[in-house]
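Structure first, then comments.
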Amino acid sequence: QVTLRAGVELDAHQVNQYTLILRAACPGEDEVEGRLFVQVTTGQVLRCDTPFASTEGDVVQVLADVAPRTPLYAVLPQPLGGLTGFLSPSFLQFRLRNRNTPLTLTRRGLVLAPDNGFDPSKDIQMFRLEIEVMDRRGHNCSGAVRVEVLPLRRPRVTFPELQRAVTVAEGTGPWKVVTQVHARGDNVRYAILAPVAPALFTIDEVTGEIRSTRRLEVSRAQLLVRAYNTLHPDDHATITVNITVQGTDCQAPRCVPAIFVSQVPETVSPGSTLVTLRCTDSTSTDGCLHYALEGPPFSLSHFCMEGPRLKVNTTLDYDSEAMAALGFQFTATIVVTVGGQPLQSTRVPVLVTVTPVNEFRPACPNVATFTVPETAAFGSLVGRVAGTDRDYPPDSLEYSMEGGSGPAQPFSIDRHTGEIRVVGPLGSQQQKSYRLVVRLMDTHNDLDLRKRQSRLCDVFVSLQAVPDQLPVCIPEVQELRITAGSPGSRQPVTRLVCHSSPDSAVLTYTIVGGNEDGRFRLEGNTLVYLPNDRVEPCSFVLRVEVWGGSGARRRSSMVALVVHVTPWSTPVPPSTTSQHTTLQKEPLVVTQTEAVWHPPAWFVAVLTISGALLLATLGCMARNLLCGSWDAVEHSGAKEEQEHPHASSPVSVCQRQWVPCQGGRKSPVALSSHSCLSSTQGQFNGCAQDPRTGRDYLFNSVTGAQGWI
1 QVTLRAGVEL
11 DAHQVNQYTL
21 ILRAACPGED
31 EVEGRLFVQV
41 TTGQVLRCDT
51 PFASTEGDVV
61 QVLADVAPRT
71 PLYAVLPQPL
81 GGLTGFLSPS
91 FLQFRLRNRN
101 TPLTLTRRGL
111 VLAPDNGFDP
121 SKDIQMFRLE
131 IEVMDRRGHN
141 CSGAVRVEVL
151 PLRRPRVTFP
161 ELQRAVTVAE
171 GTGPWKVVTQ
181 VHARGDNVRY
191 AILAPVAPAL
201 FTIDEVTGEI
211 RSTRRLEVSR
221 AQLLVRAYNT
231 LHPDDHATIT
241 VNITVQGTDC
251 QAPRCVPAIF
261 VSQVPETVSP
271 GSTLVTLRCT
281 DSTSTDGCLH
291 YALEGPPFSL
301 SHFCMEGPRL
311 KVNTTLDYDS
321 EAMAALGFQF
331 TATIVVTVGG
341 QPLQSTRVPV
351 LVTVTPVNEF
361 RPACPNVATF
371 TVPETAAFGS
381 LVGRVAGTDR
391 DYPPDSLEYS
401 MEGGSGPAQP
411 FSIDRHTGEI
421 RVVGPLGSQQ
431 QKSYRLVVRL
441 MDTHNDLDLR
451 KRQSRLCDVF
461 VSLQAVPDQL
471 PVCIPEVQEL
481 RITAGSPGSR
491 QPVTRLVCHS
501 SPDSAVLTYT
511 IVGGNEDGRF
521 RLEGNTLVYL
531 PNDRVEPCSF
541 VLRVEVWGGS
551 GARRRSSMVA
561 LVVHVTPWST
571 PVPPSTTSQH
581 TTLQKEPLVV
591 TQTEAVWHPP
601 AWFVAVLTIS
611 GALLLATLGC
621 MARNLLCGSW
631 DAVEHSGAKE
641 EQEHPHASSP
651 VSVCQRQWVP
661 CQGGRKSPVA
671 LSSHSCLSST
681 QGQFNGCAQD
691 PRTGRDYLFN
701 SVTGAQGWI
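In the UniProt record's numbering, the protein residues as written are 1 to 709.
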């Protein structure tokens with residue numbers, strides 16, 4: 001029988017004929033050779049998928065808890081020779097070549113899980129299926145499927161304990177919860193296996209609660225409870241529950257102490273016993289007493305009960321925020337029961353306060369180097385020493401400086417904040433840096449305040465040099481006018497306003513020119529004049545040198561003062577020409593501030609109107625006076641004309657020829673009445689009044705001759 005190899009596909013377009021040489025021989029006969037010609041024609045054939053038709057076959061992986069008869073694989077052959085798509089399973093026949101497998105192959109080409117499922121207790125399981133596919137025309141293809149069954153990754157159903165003893169009181173009513181069992185696993189359900197028909201108790205298959213079915217009397221019962229996975233019933237576990245119904249004639253136990261309050265240091269080791277309760281019941285049998293601890297989860301995690309002893313379960317760390325949130329106190333309750341019966345129980349309150357212990361030394365900061373300008377003023381901040389302490393409260397430190405403050409250590413440190421400030425003069429000429437030794441001392445870290453720890457830290461302060469600047473004076477040139485006082489007195493002239501960098505630098509002032517006769521001297525920055533008996537006005541040009549800095553870095557500036565001195569015995573002339581002295585200096589803008597009064601507009605208007613009214617009043621008075629004088633003169637002239645009709649009166653001449661007198665004329669010559677009257681016609685033709693003396697005089701406007709009246 002000649003067959004095709006597995007996985008081989010024939011293609012008539014590439015090879016349409018194969019020649020096979022066959023040799024056959026029977027025992028004791030000669031070999032016979034023959035030829036077989038196989039022609040390949042085009043037409044519709046079946047082709048299986050490459051993974052399925054390969055030598056190794058296709059691979060499927062499933063879990064061991066897969067449900068029975070679950071489809072695991074589907075064989076989908078494809079036609080060749082002009083048809084596309086998958087063939088319908090109804091036109092195909094599927095045959096399983098190997099029979100030694102629990103898997104099932106359906107008539108539609110589906111591979112199903114075993115009827116009872118896989119065994120979950122085994123490791124990886126392997127199953128190989130060799131499948132042949134044939135259509136109605138006899139075309140066929142074959143392949144293999146390998147099913148790998150993986151072990152379960154879900155947790156097994158287990159009980160944390162194999163037995164449990166429960167005591168309930170006599171008279172407990174029906175449907176009361178006696179106890180509850182709990183098993184670990186997935187999809188867990190509960191059932192009572194023994195007794196098969198329990199008369200006193202029943203169990204909730206979902207929650208595991210065991211309840212009474214009627215009023216209980218004094219008795220004992222034993223229940224065998226099974227927990228199982230509802231999806232995989234073979235995954236199960238059992239527990240034995242012993243229930244004792246006890247009479248109610250016994251009283252609650254009495255315990256000493258009835259309340260427990262204690263203080264423990266945070267360094268108490270785990271496993272230490274804090275208290276041992278001494279409890280007795282009415283039967284005086286300590287063996288049936290049960291001790292349990294109730295309270296907040298944080299307290300239950302730090303303490304535990306070992307019989308009647310309350311023990312520390314873990315470290316009581318005082319130096320934590322969680323402990324601070326609790327106020328450093330743990331609260332709990334010890335419940336003592338007789339045979340586990342809640343009705344006969346005693347509760348002992350517990351209050352444990354954790355006290356601090358100074359465990360750690362302060363730690364120096366990682367960086368303790370600061371830089372400060374050498375010109376830093378008193379109180380300037382240099383830096384802050386940030387020490388740390390792991391004890392609670394965190395970083396509660398006090399700071400002090402070894403050696404204190406002084407010329408060799410011009411710094412101080414704040415006791416609470418650790419801030420370092422300048423408290424003395426600094427000078428980079430003498431010392432470039434300072435090494436300070438700071439002591440860190442912890443506080444409030446132990447119940448005993450005498451137990452304190454400290455650490456010395458080195459702090460380095462480097463001085464940053466600041467270049468000195470020239471002193472600056474405002475203004476650099478001043479022109480002053482003074483009136484000398486009495487000889488021998490002391491007369492302040494001006495005060496020089498100068499500053500330097502740094503502002504704290506001390507300035508010195510020296511007169512270096514213009515004070516040859518010693519009339520001036522400097523008292524600090526104040527210029528003082530010493531008057532003498534000199535009577536002539538004079539001017540002085542003083543040059544004052546202002547020095548700043550110290551040592552080799554001293555620098556100076558020059559100030560020019562022009563002082564005009566007027567002697568005290570000489571009246572001030574109405575017009576004085578100031579002597580201007582030009583200094584050989586760079587151009588300088590001198591700003592002089594003068595106080596100017598700007599009256600309001602209403603005041604100017606009132607003043608103007610008042611002045612106009614005053615002038616008008618004075619004019620009217622002068623007119624009245626002049627008019628009265630002329631009337632008297634005319635009356636006397638008329639009288640003289642009557643007496644001397646041919647004589648010419650000088651008054652009449654004055655009246656007719658009045659010309660105002662101009663200042664600067666020469667003084668008139670005094671004339672007698674006789675000469676004035678006798679010569680008025682030929683010598684004078686006008687009359688005027690002298691502005692200084694107020695006397696009237698006559699004048700000739702042609703010759704310029706004048707004469708007093």
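For every residue, glycine included, the Cβ atom is placed at its ideal position computed from N, Cα and C.
Three-state class that DSSP yields for residue i in the structure shown
i	result
Ala-191	strand
residue 723	The requested residue 723 does not occur in the structure, where the chain is confined to residues 1 to 709.
Glu-321	helix
Gly-619	helix
Arg-665	Only weak support is given to the placement of Arg-665: the predicted model assigns it a pLDDT of 42, under 50, and the value that follows is read from those uncertain coordinates. Three-state DSSP puts Arg-665 in coil, outside helix and strand.
Arg-692	coil
Val-653	Below a pLDDT of 50, predicted positions are generally treated as unreliable, and Val-653, at 36, falls in that range; the measurement from the model is reported next regardless. It is helical.
Ala-560	strand
Gly-707	strand
Ser-269	coil
Leu-607	helix
Pro-660	Confidence in Pro-660 is poor, its pLDDT being 41 and thus under 50, which makes the residue's placement unreliable; the coordinate value appears in the next sentence. Three-state DSSP puts Pro-660 in coil, outside helix and strand.
Cys-141	strand
Leu-463	strand
Phe-360	coil
Thr-230	coil
Other residues of its chain near residue i: CB distance less than 6 Å, five sequence neighbours each side excluded
i	result
Tyr-73	Val-60, Val-111 and Val-145
Tyr-18	Val-38
Gln-655	Here the model assigns Gln-655 a pLDDT of 38, short of 50, so the residue's position is not dependable, and the following value carries that caveat. So no residue of the chain qualifies.
Arg-154	Asp-186
Thr-346	Ala-252, Pro-253, Cys-255 and Val-336
Leu-530	Arg-519
Selected residue, minimal CA-CA separation from residue i, among the options
i	options	result
Leu-542	Ser-345, Gly-518, Arg-164 and Glu-536	Gly-518
Val-256	Asn-624, Thr-207, Val-350 and Val-32	Val-350
Arg-137	Ile-124, Leu-46, Val-335 and Tyr-434	Leu-46
Thr-706	Cys-687, Pro-691 and Arg-692	Looking at the sequence provided, one finds Gln at residue 706 rather than Thr. Cα-wise, what sits closest to Gln-706 is Cys-687.
His-499	Val-312, Ser-556, Cys-627 and Leu-440	Ser-556
Thr-172	Ser-212, Pro-599 and Phe-460	Ser-212
Leu-561	Trp-602, Pro-537 and Ile-511	Ile-511
Gly-247	Met-126, Ile-474 and Leu-216	Leu-216
Pro-362	Pro-120, Glu-374 and Asn-445	Asn-445
Glu-170	Gln-344, Arg-189 and Asn-313	Gln-344
Leu-507	Glu-516, Arg-695, Met-558 and Leu-129	Met-558
Val-147	Val-62, Leu-200 and Asn-140	Val-62
Beta-carbon spacing of residue i, residue j below 8 Å
i	j	result
Ser-380	Val-367	no
Leu-96	Val-133	no
Val-528	Gln-491	yes
Pro-68	Pro-114	yes
Tyr-291	Gly-271	no
Asp-414	Tyr-399	yes
Val-336	Val-352	no
Asp-395	Pro-356	no
Ile-131	Gly-143	yes
Phe-328	Val-354	yes
residue 725	Leu-224	Lying outside 1 to 709, the shown extent of the chain, residue 725 is not represented and no answer is given.
Glu-209	Gln-180	yes
Thr-494	Pro-537	no
Val-459	Leu-436	yes
Own chain partners of residue i with C-beta closer than 8 Å, once the 5 adjacent residues on each side are dropped
i	result
Leu-4	Leu-10
Ser-405	Phe-411, Ser-412, Val-423 and Gly-424
Ala-670	A caution first: Ala-670 carries a pLDDT of 46, below 50, which makes its placement in the model unreliable, though a value can still be read off. Gly-707 and Trp-708.
Contact set for residue i: own chain, Cβ-Cβ below 7 Å, skip 5 residues either direction
i	result
Ala-183	Val-157, Thr-158, Phe-159, Ala-227 and Ala-237
Arg-309	Thr-273 and Thr-276
Asn-187	Asn-229, Thr-230 and Leu-231
Gly-418	Arg-384, Val-385, Ala-386, Gly-387 and Tyr-399
Val-382	Phe-370, Val-372, Phe-411, Ile-420, Arg-421, Val-422 and Val-461
Cross-strand partners of residue i (DSSP beta bridge)
i	result
Glu-33	Arg-23
Trp-547	Thr-508 and Ser-556
Thr-483	Thr-566
Lys-311	Thr-273 and Cys-304
His-499	Val-472
Phe-368	The question names Phe, yet the displayed sequence has Ala at residue 368. Ala-368 pairs with nothing; no bridge assigned.
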